[in-house]
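In the working numbering, the protein residues as written are 14 to 829.
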């Protein structure tokens, strides 16, 4: 057993291994001072502050959490934990938890009881349904709740109320993942598996800073890099991240040019004959259109658009085109940028033209940003229908209505479910009169925040916020409902490679806080929702009965859970769906047989035009893909709507840092994580800083056409012409009043036409020096924000950040 400062060394010790060998176990543990492992009760759970799905046990003593320990048997992490896993649980015990409902009286939020708070919500709901109908009510949720809660919300919203206005903040991070998978394969569902890292000889990361967003997955890659026959790494990112530092080739395109880059790579792959023509002929449609389109993007043309060396494009294409086992991952650098879905689909195209699907080491992971983003999509809580059903397919609606025992006209399917930014527009216009927000903080996370705050603060909008702390959004609410946090309730959640984990209740919630499932069921009972038989709707009463109901909904659909039970998830490893009679142990990779969920009568989506977002009709789709093949879709490059120039010469991108999650509602209350990245900063290249007279730590003003913020400068390895601001920092816990440090004060109101995901990475901006700093920027030194000046004191956690690890020899256990 060894001890390490896991703030200073986020990825822990290396356990090298060779391709085809199992990843060795390394069990990470953190216990508060004075607590010994044998004195605690261990309760099974998994990570809730990122999308890895790291499995671990919670240490409980005297009714409170006192630490965590990785689960070595689990297929996802083999016992490893990242910094947010090791320390983030402490947020549950923060002294400022919400413990009683609040309602607004005379302009102020005051404490009340549950009956009074719920009566206000129910009374207004019934008034709006009588006056206007279901379109007056909307729900905006999170990617952090449990499957059982999402399914309950989806039934209440789509079924009992009949509103189309249902979405999650997964719209901000992984809506494009779902859209890209639907466009290429006719259905959501990640083709690949985390175990593909164990076999790949090339790993390509497209806009995916895995080192900071999924630390344990990066540990797996680092262990392959440390072993014999390491994979080549391709990194596409304008910043010099830890991934870029280990990359064989680092492509740094201008923000907003990802489609041009992908077309350039595909041009080289096709022109050099690095394609599997037999696979293309047997399993795909659309290759001829792609070949014609990318012919317009030879490496020198793509290089000029993207401002990267043409030879780097050729080198990367050679690696992609000659790999024997290629794994690709995609995240926010593509999802939150211009032409998001079009660019992400081109990554799928690389795998389709090369036949790199369904074999060990050959897969695509259109990654998630949140721990349960996959569940929002499966369960119908993020703008989709439950079970990956197609809102455009009447038979799917009838099947869902049969399951819920409702008239099929009750389930809205006159158009696609309303995405988050459109709901904001409807609220702004006055047709959306009640918005129920759960476990998210849109007053910091949505773009163009001045507009968002004004919309949410309208007197005519009843804003209900369900959360565990007071946030920037609760301060605008009319009703605040205190929720139980992870670890204080039981439920399941599914990670980015379809692995389902069970999280057991470890401790009681504080005060009068209630599990989100209980709150939703209470609302349904008070509203007296009934099915056609007059029975209560929903019919379930606790997490396990909700899970069993969900299994019925998933039966026969791609995300089939019918072979999974709570008991099967206890004590062992997580299980990947689909899991049913055909695949009783779960399914590691999809499409191994070249068969796709894209049949016209079965698929989740008929697809959209990648440029305009216009949906294809069932007849158009049937003509395009009658034989249920994968769909190769080409896209031309179009310049971003807002480009740098004139008064705003820089491209502004926003993003994450390793030590925080979303708007710091939890991580900002954890000393180890808060102190590693306590304040907002802006990254600027050394060349740009020198030209503008900006030194490390100087206070600068960043402006866009929408406003200004202030931050201290981190002179870093980011490419010239680009500024980076982490989006985590709101103003609720600021040491001064005002709204001058949230990155989204200056981001644009714009979204991808296909996925409707807001664009956070193509705003035009300027930067100017305001004052000298009194030291370096308070940004981490061991991440993508590493300073040019290596004399800056290194990020560390000291004794408080120290955790232990126990490593065992490689074994074949823990696999499914």
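Backbone N, C-alpha and C fix where the C-beta goes; we use that ideal spot for every residue, glycine too.
{"Asked": "Using DSSP's beta-bridge definition, name the partner residues of residue 375.", "Found": "372"}
{"Asked": "With residue 229 as the anchor, note down where its beta strand (DSSP E) starts and where it stops.", "Found": "First-last for residue 229: 228-239, but that is the alpha helix (DSSP H), not the beta strand (DSSP E)."}
{"Asked": "What is the C-beta distance between residue 225 and residue 671, in whole angstroms, given that I count them as a contact (C-beta under 8 Å)?", "Found": "4 Å"}
{"Asked": "Are residue 805 and residue 738 closer than 8 Å when you measure CB to CB?", "Found": "no"}
{"Asked": "For residue 43, which of helix, strand or coil comes out of DSSP?", "Found": "strand"}
{"Asked": "CB-CB under 7 Å to residue 242, same chain, minus the five flanking residues each way: which ones, in chain order?", "Found": "31, 32"}
{"Asked": "Assuming contact is defined by CB atoms lying nearer than 8 Å, are residue 436 and residue 448 in contact in what I supplied?", "Found": "yes"}
{"Asked": "Alpha carbon to alpha carbon, what distance is there between residue 197 and residue 362?", "Found": "8 Å"}
{"Asked": "Could you check if residue 634 is buried or exposed, using at least 16 other CB atoms within 10 Å of its CB as the buried criterion?", "Found": "buried"}
{"Asked": "Considering just the uninterrupted stretch of the alpha helix (DSSP H) at residue 100, what are its terminal residues?", "Found": "96-101"}
{"Asked": "Between the alpha carbons of residue 492 and residue 153, how many angstroms are there, rounded?", "Found": "15 Å"}
{"Asked": "Along the chain, where does the beta strand (DSSP E) that runs through residue 17 open and close?", "Found": "15-18"}
{"Asked": "Report buried or exposed for residue 446, applying the criterion of at least 16 other Cβ atoms within 10 angstroms of its Cβ.", "Found": "buried"}
{"Asked": "Taking the Cβ atom as the reference point for each residue, do residue 269 and residue 775 lie within a distance shorter than 8 Å?", "Found": "yes"}
{"Asked": "Check the DSSP bridge columns for residue 263 and list the partner residues they point to.", "Found": "248"}
{"Asked": "Just confirm the distance between the C-beta atoms of residue 551 and residue 168, as a whole number of angstroms; I'd bet it's less than 8 Å.", "Found": "5 Å"}
{"Asked": "Count the other C-beta atoms from every protein chain shown that fall within 10 angstroms of the C-beta of residue 343, then say buried if there are 16 or more, exposed otherwise.", "Found": "buried"}
{"Asked": "Less than 8 Å separating the beta-carbons of residue 175 and residue 423?", "Found": "yes"}
{"Asked": "Buried or exposed: which applies to residue 290, given that a residue is buried once 16 or more other Cβ atoms fall within 10 Å of its Cβ?", "Found": "exposed"}
{"Asked": "Is the region 629-649 touching the region 591-611, taking contact as three or more C-beta pairs under 8 Å?", "Found": "yes"}
{"Asked": "Less than 8 Å between the C-beta atoms of residue 163 and residue 388, yes or no?", "Found": "yes"}
{"Asked": "Look up residue 346 in the DSSP assignment and give the residues it is bridged to.", "Found": "DSSP, once it has assigned bridges, lists no residue as partnering residue 346."}
{"Asked": "Under the three-state reduction of DSSP, which class applies to residue 688: helix, strand or coil?", "Found": "helix"}
{"Asked": "Quick one: measure Cβ to Cβ for residue 572 and residue 299, integer angstroms, because I've assumed they're closer than 8 Å.", "Found": "That pair is no contact at about 25 Å."}
{"Asked": "Is residue 428 helix, strand or coil by DSSP?", "Found": "coil"}
{"Asked": "Tell me the rounded alpha-carbon separation between residue 294 and residue 288.", "Found": "11 Å"}
{"Asked": "In angstroms, rounded to a whole number, what distance separates the CA positions of residue 24 and residue 508?", "Found": "20 Å"}
{"Asked": "By how many angstroms is the C-alpha of residue 312 removed from the C-alpha of residue 264?", "Found": "13 Å"}
{"Asked": "Among the residues of its own chain, which have a CB less than 7 Å from the CB of residue 92, if the five just before and after it don't count?", "Found": "38, 39, 40, 41, 83, 84, 85"}
{"Asked": "With DSSP collapsed to three states, give me the class of residue 816.", "Found": "strand"}
{"Asked": "Thinking C-alpha only, which one of 569, 592, 347, 583 is nearest residue 615?", "Found": "569"}
{"Asked": "Go ahead and pull the three-state DSSP assignment for residue 31.", "Found": "coil"}
{"Asked": "Please name the residue in 799, 815, 811, 771 whose C-alpha comes closest to that of residue 257.", "Found": "799"}
{"Asked": "Does the Cβ of residue 565 have 16 or more other Cβ atoms within 10 Å, making it buried, or fewer, making it exposed?", "Found": "exposed"}
{"Asked": "For the region 44-56 against the region 365-374, are there 3 or more C-beta pairs whose distance is under 8 Å?", "Found": "no"}
{"Asked": "Could you tell me how far apart the beta carbons of residue 2 and residue 210 are, in whole angstroms, since I believe they sit closer than 8 Å?", "Found": "Because the chain is modelled from 14 through 829, residue 2 falls outside the range shown and cannot be assessed."}
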